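Quick note, the numbering used here runs 66 ahead of the 1-based positions in the sequence shown.
The beta-carbon is built from N, C-alpha and C at its ideal position, and this holds for glycine as well.
In this text, all values refer to a predicted model and were calculated from it rather than measured experimentally.
Reading through the structure tokens given below for one structure.
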Amino acid sequence: MKYKAVIEFETKDAQAFLKAVEHEKHSKRVRTSFSAEGNVIKLVIEAEDATSLRATLNTYLRIAQSAEELEGESHGA
């Protein structure tokens, strides 16, 4: 793979996030891997081209943002 992005972010429930994204579609042009250590998620995206990398990155960042917003709502923030 030609392009690579590594993102780490903190969440209140890392296992719930991993469960939510495990069914995302895989592509021949993109490989993704996730790991969790405590409440920190590490996302690694490897792609054949910049367009695929950007699209995949945007998808997972939107999911992370939605999860963060839901966490805030459920905790009265």
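Cβ distance (whole Å) where Phe-83 is taken to contact Ala-133 below 8 Å:
By one-based count along the sequence shown, residue 83 stands at place 17. By one-based count along the sequence shown, residue 133 stands at place 67. 6 Å between Cβ atoms; contact.
Do you know offhand how far Ala-102's Cα is from Gln-131's?
Along the sequence shown, read from residue 1 onward, the residue named residue 102 stands at position 36. Along the sequence shown, read from residue 1 onward, the residue named residue 131 stands at position 65. Their Cα atoms are separated by approximately 17 Å.
If the criterion is Cβ atoms closer than 9 Å, does the pair Glu-76 and Val-106 meet it?
What you label residue 76 is simply residue 10 of the sequence shown in a count that begins at 1. What you label residue 106 is simply residue 40 of the sequence shown in a count that begins at 1. One thing to note: Glu-76 has its Cβ within 9 Å of the Cβ of Val-106.
Every unbroken alpha helix (DSSP H) within the segment 100 to 134, with a cutoff of 4 residues, ordered by chain:
For the segment 100 to 134, not one full-length alpha helix (DSSP H) segment reaches 4 residues or more.
Cα-Cα separation between Lys-68 and Glu-90, rounded to whole angstroms
Counting from 1 along the sequence shown, the entry for residue 68 is found at position 2. Counting from 1 along the sequence shown, the entry for residue 90 is found at position 24. Taking the Cα positions, Lys-68 is about 21 Å away from Glu-90.
Distance CB(Glu-114)-CB(Val-87) smaller than 9 Å
As a first step, residue 114 is located in the sequence shown; it is residue number 48 there, counting from the start. As a first step, residue 87 is located in the sequence shown; it is residue number 21 there, counting from the start. No. Outside cutoff.
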